[in-house]
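The block underneath contains the structure these notes are about, expressed in structure tokens.
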Amino acid sequence: MATEQELQSLFNKLDTDLDGKISINDLFLSPGLSTIISSETFYQYSPGIASKL
């Protein structure tokens, strides 16, 4: 699970125009966010996978 600092760092990277907001396009086109969602979903639905790595 991502820490608060990691999420804040991701937010800062996605907020490209520095207005304190992230556009919907940035959210869905961001490779970083897609990776986090994929990994969280993978580990959530694959119990015990971490011990096999």
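End of the sequence shown = 58 in this note's numbering, gap-free, step of one.
Built from N, CA and C at the ideal position, the CB exists for glycine as well.
- Taking each of D31, A7, T8 in turn and checking the Cα distance to D20, the smallest one comes out for D31.
- Judged by beta-carbon spacing, F16 lies beyond the 8 Å limit of I29, meaning their Cβ atoms are not closer than that value.
- In the structure shown, I29 falls within a helical segment according to DSSP collapsed to helix, strand and coil.
- DSSP places L23 in no alpha helix (DSSP H); its state is neither H nor E.
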